[in-house]
Structure formats: structure tokens, C-alpha cells
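Encoded as C-alpha cells, the structure appears first; notes follow it.
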Amino acid sequence: MSNLLTELLYFHGTVDTRECRELLPEIGDFLIRNHIRENEKSDSSTSVFCVLTVAVTPDQASAQSKELPDNYSLKDTCITRLKSYPIFTTSSKKTKDENEEQTFKIQGVPDKFASIQSLCDHLISTKHVLASGGSLMKPISRQPWQLLAKNIEYPEKEIVLGKGAYGRVVKAKLVREGKETIDVAVKCSTENGDAIKKVEGFSSISIQFNSIYYVSKIRELYG
């Protein structure tokens, strides 16, 4: 994943609607996440680069976010819903000797921006109201346990610690600036769909219960 995203503290990688709902409890809270079809190829010079998700009022929410699931523990007290906006990127090269220039834009805003950061800063400072009423107020940063792929180092020769229904567990090292490097076990999955959701679900439960087991979903989720 591009450094344009991983350098943003409020980039959360690949997170689903349930996780977004828990991360964005107040109106105007927002985050940037992966576009789930980011690997699609297009003949167009314009494509979806990532997604901006904002906490909005129920009447401003997208159709699929208006109704909360029955098993959502905070259903009775949750006052916010979600609205997601694709952020588009356009690449251009004026001459063969010039480097490719990448700009970003969002529907309803005429300007183009050199970075996702400058786009979001513009929306906050101008209090711009997006389609359906979404407005950015507070960026929600990643939690300390939300790691980037660059934080995980693998041995030159893979060391498999075990295998399960959804993939294998390998040995790696957790590397963070200013902190001690420690050995970790990483669950790797090449599955898609329901299998990945089950792995993600186990990971979320482990976090909620402060589990001693750390499950990392290595699919370049966080770049």
C-alpha cells in the first residue's frame, strides 16, 4: 500500500462496517480505509484510491447503514450511522520527461489535491458538507495494536509454527521505532470471503478480551 496512506494516522487499512461503527461513535468522526476493489484494473486514468467513512445522522446514512444489525451490542444507544465516500485519484504526465503527477478529489468538491491529507484538511477547515450531509470534524487515529506491514519482519526462510483451517501460523518479529523488537506468531491466510471474516472476527474478540494471543491478518491490510 502506498506511503500516501500509511503515513496518515487515521488510515485504518481494511476495516468493515462493524469496525467502522465502533471506531466512529460521534457525528463528524471520520477515517480513511482501503477500497475493497483496489486491485481492479481500469482503462481510465481516474480510479478509486481509498474510501472516506464519516459518522453521520441516520437520515444522512447510506441505505445499508441505516438499520443496525440485531446482534450489535450498542444498538439501543447508538445515535450515529455511516456514510462512505470514494476518493478518486488521477495520474497525469505532461511530457515524457516529467514524472507522473497524482492528484486526489472527492465528489462535490471541484478542487484537486496533492495528497489525501490536504484533501481532508480542506474539508475540515472549510466545513464543507459532502453529498447527503456528511461533514468532517474529528479524524480517528489508529490504535497502537493496529500495525503496518512494515512493522512485521519475516526470517529469510519461513518458519511455520502451525497450520489450521484458514491458513498457517509463522514466526516473525515485531519491529517498532523506539521499542524492543519481540518475536511474534503471525496467522497468514490466503483465503477470501467467509474464511477471512472468521479470522478477522477471532482477531477482534482477542483484542476485546485483552487476549495474550496476537492475531495479525496479513493481507497487506495496513500497507
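For the sequence shown, the positions run 1 to 223 when full-length UniProt numbering is used.
Note that CB positions come from ideal geometry on N, CA and C, so glycine has one too.
All figures in this text were calculated on a predicted structure; none of them were measured in a lab.
Can you give me the start and stop residues for the beta strand (DSSP E) that residue i sits inside?
i, result
"T103", "E101 to I106"
"K173", "G167 to L174"
"K163", "V160 to G164"
"D183", "I182 to C188"
Which two residues bound the contiguous alpha helix (DSSP H) that contains residue i?
i, result
"I124", "I116 to T126"
"L31", "Not the alpha helix (DSSP H): L31 falls in the beta strand (DSSP E), residues D29 to R33."
"A63", "A63 to K66"
"R18", "T17 to L23"
Give me the DSSP bridge partner(s) of residue i.
i, result
"F49", "Partner(s): none; F49 has no beta bridge."
"T89", "S47 and F104"
"R81", "V56"
"I152", "L174"
Counting only the same chain and skipping the five closest in sequence on each side, list residues whose C-beta sits under 7 Å from that of residue i.
i, result
"A185", "L161, V169 and K171"
"K66", "P58 and R81"
"S44", "For S44, the pLDDT reaches just 48, beneath the cut-off of 50, and the residue's location in the model is therefore unreliable, although a value from the coordinates is still provided. If we look at S44 and ignore the five residues flanking it on each side, it has no Cβ neighbours."
"G183", "The sequence shown places Asp at residue 183, not Gly. For D183, where only same-chain residues beyond five positions count, the Cβ hits under 7 Å are K171 and K173."
Measure from the alpha carbon of residue i to the alpha carbon of each residue in the options, then state which is nearest.
i, options, result
"Y166", "T77, L119 and S189", "S189"
"K83", "S118, I32 and I159", "I32"
"L23", "S47, L4 and T53", "T53"
"I79", "I152, Q102 and I27", "I27"
"Y72", "E177, E158 and T17", "T17"
"Q117", "T77, V56, E19 and C50", "C50"
"E158", "K187, K75 and K150", "K187"
"K179", "D70, N151, A55 and K163", "N151"
"L74", "S135, C120, P25 and S115", "P25"
Quick one: residues in its chain with C-beta nearer than 8 Å to the C-beta of residue i, no 5 flanking neighbours on either side, listed in chain order?
i, result
"L9", "P139, S141 and R142"
"H122", "V109, D111, F113 and H128"
"S125", "none"
"A131", "Y85, Q107 and G108"
Just checking my contact of residue i with residue j at CB under 8 Å: how many whole Å lie between their CB atoms?
i, j, result
"G133", "Q60", "4 Å"
"F88", "S47", "7 Å"
Measuring only between beta-carbons, confirm whether residue i sits less than 9 Å from chain B.
i, result
"G162", "You won't find chain B in this structure, because it holds only one protein chain."
Going by beta carbon distance, what residues of the same chain come within less than 6 Å of residue i, once the five residues before and after it are set aside?
i, result
"T103", "T90 and K112"
"M137", "G28"
"C20", "T53 and L82"
"residue 231", "This structure leaves residue 231 out entirely; the chain is present only between 1 and 223."
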